[in-house]
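Undergrad: So the protein lines, in turn, are chains A and B.
Residues in the first sequence are numbered consecutively from 14, following the working numbering.
Residues in the second sequence are numbered consecutively from 78, following the working numbering.
Handing you this structure, nothing more for now.
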Amino acid sequence: MSASAPGWRIDGAIDEPARVKKLTRMRSRLPAGLAAFSLVLPLLAFISLSFIAPLGALLGKSAYQPQVANILPQTMQALDQWAGVGLPPEAAFAALAKELPKARAERTLVRVGGPVNRLRGGMRSVLTRTARTLEKTAAADGSWSKTLVDIHPAWAEPGTWLAIKQAGARFTIRHYLQALDLEQRQDGSIGQRPEELRIYTPLMWRTLLVSLGVTLLCLAIGYPIAYMIATAPPRRGHLLLLMVLVPFWTSLLVRTTSWIVLLQRQGVINSLLVSLGLTPDSGRLEMIYNMTGSFVAMTHVLLPFMVLPLYSVMRAIPPSYMAAAASLGASPVQAFTRVYLPQTMPGIGAGALLVFILAIGFYITPALVGGRTGQLISGMIAYHVQTSLNWGLAAALSSILLLAVIGLYLLYSRVLGIERLSLG
Amino acid sequence: MWRRRAGRYGFNVFCVAAFVFLLAPILVIVPLSFNAEPYFTFTEGMLRLDPEAYSLRWYRSVVEDQEWSRALLNSLVIGSAATLLATTLGTLAALGLSSPAMPGRALITALLISPMVTPIIIVAVGVFFFYSSLGLGQTHAGLILAHAALGAPFVVITVTATLAGFDRSLLRAAASLGAGPLRRFFRIQLPLISPGVFSGGLFAFAASFDEVVVVLFMGGLEQRTIPRQMWSGIREEISPAILAVAVFLIIFAVAALITVDWLRRRSTTQGP
């Protein structure tokens, strides 16, 4: 009920007849609205808890990282006062000397070692060695700073302590900076990392370009297919539609396996080329475990998502329009570009957006057939969760990808209407 | 005139090639799964149609393998439970969304459909962290909840589409004859929209039956499903046994497709 609804005045007062009308309308509609909402509520609650909440928690991880602060609370407190110039006060040394062996005993030291090591290489072993030695050592003549420096000279360097202080900060934009290949310089300014050290922005560009390429290829192949289905006689059209739907229903893993079978070095296509004498046995084509493999398999997997929206738009275009254009003297090309193509624009938009949204988040196919060079941003997220265990960075990359998808998704639902999303 | 005919001819050739691109990769799996040799390609014997070159050994190895049968059981248990949950909640939600009085429909629909377009890797990572912190990591229950969330959008979409063709005056007629709301729903509305509900459920089941990434991150050894087993098959020990499983999955896909198609035609011919 917006303020500009009839009956509402600028000052918020309502003139009498309109108010009565409005009240009766609300009285009659509210229970129905409430009834409808109470039907939706169970799923809404379920999706919120089982789906939205995990995503929210993941996004939180990208900026909020309490582990180190929780494991070394007193050290962090002591470092709070320290400005980062010179060595920290003795209290910090003493607190760390107390908390490191404790963390090692509780097996939480690895959770400190990882984050600190990412900020300053070699710190994992410094921490482990220090903790192990401290278990057996008392403070030499009461000075923890001397003891620690004796155990490892790294403790005499301010950079070591800076790394611990940064890793211990509960809130950080560090992961976002890293995900965008930015760095904080000594003077506090933020700038791009040197070009040879940039990892994530090139990967994002690659993901966008591959998705765009796959979308265009799907459009180029899908448009004629959809046209053929939409203009075929009903029975044949129906059969052709089912043929498009077979891949749609077939397991993604099956389709990916198929491409491995077809494209690998000892695969069907290479064997065929060799036996026909088109390529020498030594010159088998490298078509998989690289970008080509990702590209071909992704196009195959996503093609039905392009054909279905195109088909549902084309089906509604009466063939008489093209006949009318022809009878008015348009050449086939003119009739197509001036009459047919504009009417299929909603289908092109829906199909292209859908394919693009699905492509930028693609994981399974590139992971299985992309090899080293065919990985996209999703593969990097998986790598940081499973292998490097840099969960903050994985979360930051996830939130950037999610932001892109949400933007495209909103565009889709605003321009095309999400309710019209059909499943063929 | 000849130009138009050439154009038509070129168009047809292009479309045939496109259909070959769509279907050939799936079809090529079928003969290869009968390969007598442990290769992923056609042997000379196969090309000569030598019966010796074909065998059922990979099918036998799959059927006899404990791991595959446990994976099938896991897939069926997780898939059915997730489908039941998604179909019940999704059908209710679709009924609410189709009511003309539903407030905030566009926003809520967008929210309910969002699991379908969210990159699966983000879902898997988020669910992995969140469910593990609740003690649901490496459990069937956790996977069922996650798969139900992923399957529900399909139910919402298909049932909403079916309800669009539902004649609401039937409900008013039933009400005027004295039927209560529950009776109206179970005796009039549900039977008429049941094709949509059933296809939505089939979509949800297929979504769970084919889901690998969430299982990969959150499932343990006890929760290995068929796609998870195939994933290892592709990544680690490539054996044509996975081709035999693939054939089984293709048959499942075609059966599901034909069923949904049949249900759709039934609902459109019966509808008003």
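Quick reminder that beta carbons are idealized off the backbone N, C-alpha and C, glycines included.
Within 10 Å of its beta-carbon, does Phe263(B) have 16 or more other beta-carbons around it, so buried, or fewer, so exposed?
TA: On the second sequence, position 186 is the one that residue 263(B) refers to. When all chains shown are included, Phe263(B) counts as exposed.
Undergrad: For Ile197(B), would you say it is in contact with chain A, using Cβ-to-Cβ distances shorter than 8 Å as the test?
TA: Here the question's residue 197(B) lines up with position 120 in the second sequence. So, interface residue.
Undergrad: In its own chain, which residues sit with a C-beta less than 7 Å from the C-beta of Ile265(B), not counting the 5 before and 5 after it?
TA: As a working mapping, residue 265(B) is identified with position 188 in the second sequence. The residues are Leu247, Leu248 and Ala251.
Undergrad: For a test of the three-state rule: what should DSSP assign to Gly310(B), helix, strand or coil?
TA: By one-based count along the second sequence, residue 310(B) stands at place 233. Correct three-state label for Gly310(B): helix.
Undergrad: Using the DSSP secondary-structure output, state which residues sit across from Tyr396(A) in a beta bridge.
TA: Position 383 of the first sequence, counted from the start, is the residue given in the question as residue 396(A). According to DSSP, residue pairing for Tyr396(A) in a beta bridge does not occur.
Undergrad: Might you give, ordered along the chain, the residues of its own chain that have their beta carbon closer than 7 Å to the beta carbon of Gly362(A), omitting 5 neighbours on each side?
TA: Taking the first sequence and counting its residues from 1, the one referred to as residue 362(A) is at position 349. Excluding sequence neighbours, Gly362(A) sits near Val428 and Leu429.
Undergrad: If you follow the beta strand (DSSP E) that Asp195(A) is part of, which residue opens it and which one closes it?
TA: In the first sequence, the residue the question calls residue 195(A) occupies position 182. Strictly speaking, residue 195(A) in this sequence is Leu, with Asp absent from that position. Residues Leu195 to Gln197.
Undergrad: Applying a beta-carbon distance threshold of less than 9 Å, which residues of chain B neighbour Gly374(A)?
TA: Within the first sequence, residue 374(A) is the residue found at index 361, counting from 1. Here the neighbours are Val194, Thr195, Pro196, Ile197, Ile198 and Ile199.
Undergrad: In terms of DSSP beta bridges, what is Gln300(B) paired with?
TA: Stepping through the second sequence from its first residue, residue 300(B) is reached at position 223. Gln300(B) is not bridged to any residue.
Undergrad: Whose Cβ in chain A lies nearer than 7 Å to the Cβ of Ala336(B)?
TA: Along the second sequence, one-based indexing puts residue 336(B) at 259. Residue identity differs from the one stated: residue 336(B) is Thr in this sequence, not Ala. Result: empty, since nearest Cβ-Cβ is about 10 Å, beyond 7 Å.
Undergrad: So, helix, strand or coil for Tyr425(A), using DSSP?
TA: Within the first sequence, the letter at position 412 stands for residue 425(A). Looking at Tyr425(A) - three-state DSSP - the assignment turns out to be helix.
Undergrad: Does the beta-carbon of Thr205(A) have 16 or more other beta-carbons within 10 angstroms, so that it is buried, or is it exposed?
TA: For the purposes of this step, residue 205(A) is taken as residue 192 along the first sequence, with counting starting at 1. Note on identity: in this sequence residue 205(A) is Gln, with Thr being the wrong assignment. Classification for Gln205(A): exposed.
Undergrad: Verify the CB distance criterion: does Pro108(B) have a CB-CB separation below 8 Å to chain A?
TA: In the second sequence, counting from the first residue as 1, residue 108(B) sits at position 31. So no, Pro108(B) is outside the interface.
Undergrad: Rounded to whole angstroms, how far is the Cβ of Val368(A) from the Cβ of Val139(A), which I believe are closer than 8 Å?
TA: Sequence index remark: in the first sequence, residue 368(A) carries index 355 (1-based). Sequence index remark: in the first sequence, residue 139(A) carries index 126 (1-based). With 8 Å as the limit, Val368(A) and Val139(A) do not qualify as a contact, their Cβ atoms being about 49 Å apart.
Undergrad: Starting from Ile203(A), trace the beta strand (DSSP E) both ways and give me its first and last residue.
TA: In the first sequence, residue 203(A) corresponds to position 190, counting from 1. Element bounds for Ile203(A): Ile203 to Gln205.
Undergrad: For Leu415(A), which residues of its own chain have a beta-carbon under 8 Å away from its beta-carbon, when the five flanking residues on both sides are left out?
TA: The residue given as residue 415(A) occupies position 402 in the first sequence. So the list reads Leu68 and Leu72, once near-sequence residues are dropped.
Undergrad: Please state if the CB of Ala180(A) and the CB of Val98(A) are separated by a distance shorter than 8 Å.
TA: Locating residue 98(A) in the first sequence gives position 85, counting from the first residue. Locating residue 180(A) in the first sequence gives position 167, counting from the first residue. It is not a contact, given that the beta carbons lie outside the stated cut-off.
Undergrad: Please list, in chain order, the residues of the segment 139 to 153 of chain A that have any C-beta partner in chain B closer than 8 Å.
TA: Along the segment 139 to 153 of chain A, there is no position whose C-beta sits under 8 Å from a C-beta of chain B.
Undergrad: Assuming Tyr324(A) and Leu254(A) form a contact by the criterion Cβ under 8 Å, report the distance between their Cβ atoms to the nearest whole angstrom.
TA: Here the question's residue 324(A) lines up with position 311 in the first sequence. Here the question's residue 254(A) lines up with position 241 in the first sequence. That pair is a contact at about 7 Å.
Undergrad: Within 10 angstroms of its Cβ, does Ala116(A) collect 16 or more other Cβ (buried), or is it exposed?
TA: Here the question's residue 116(A) lines up with position 103 in the first sequence. Result: buried.
Undergrad: Where Pro304(B) and Arg312(B) are concerned, what is the direct C-alpha to C-alpha distance, given to the nearest angstrom?
TA: Counting from 1 along the second sequence, the entry for residue 304(B) is found at position 227. Counting from 1 along the second sequence, the entry for residue 312(B) is found at position 235. Pro304(B) and Arg312(B): Cα-Cα distance of roughly 12 Å.
Undergrad: Quick check: what's the CA-CA separation for Gln356(A) versus Ile330(A)?
TA: Translated into positions along the first sequence, residue 356(A) becomes position 343. Translated into positions along the first sequence, residue 330(A) becomes position 317. So the alpha carbons of these two residues sit roughly 8 Å apart.
Undergrad: Looking at the structure shown, is Asn303(A) part of a helix, part of a strand, or coil, going by DSSP?
TA: As a first step, residue 303(A) must be located in the first sequence, where it is residue number 290. In the structure shown, Asn303(A) sits in coil (DSSP, three-state: anything other than H, G, I, E or B).
Undergrad: Among the residues of its own chain, which have a CB less than 8 Å from the CB of Ala176(A), if the five just before and after it don't count?
TA: By one-based count along the first sequence, residue 176(A) stands at place 163. Excluding positions up to five away in sequence, the list reads Val129, Leu132, Arg133 and Met136.
Undergrad: So, does the CB of Leu248(B) fall closer than 8 Å to a CB anywhere in chain A?
TA: Reading the second sequence from its first residue, position 171 is the one you call residue 248(B). No, Leu248(B) does not count as interfacial toward chain A.
Undergrad: Just the Cα atoms here: how many angstroms apart are Ser202(A) and Trp174(A)?
TA: Position 189 of the first sequence, counting from 1, holds the residue named residue 202(A). Position 161 of the first sequence, counting from 1, holds the residue named residue 174(A). Roughly 21 Å between the two C-alpha positions.
Undergrad: Excluding five sequence neighbours on each side, which residues of the same chain lie with their C-beta closer than 8 Å to the C-beta of Arg328(A)?
TA: Your numbering for residue 328(A) matches position 315 in the first sequence. Cβ neighbours of Arg328(A) beyond the five flanking positions: Ala243.
Undergrad: Alpha carbon to alpha carbon, how far is Leu161(B) from Asp244(B)?
TA: For the purposes of this step, residue 161(B) is taken as residue 84 along the second sequence, with counting starting at 1. For the purposes of this step, residue 244(B) is taken as residue 167 along the second sequence, with counting starting at 1. Taking C-alpha positions only, Leu161(B) is separated from Asp244(B) by approximately 26 Å.
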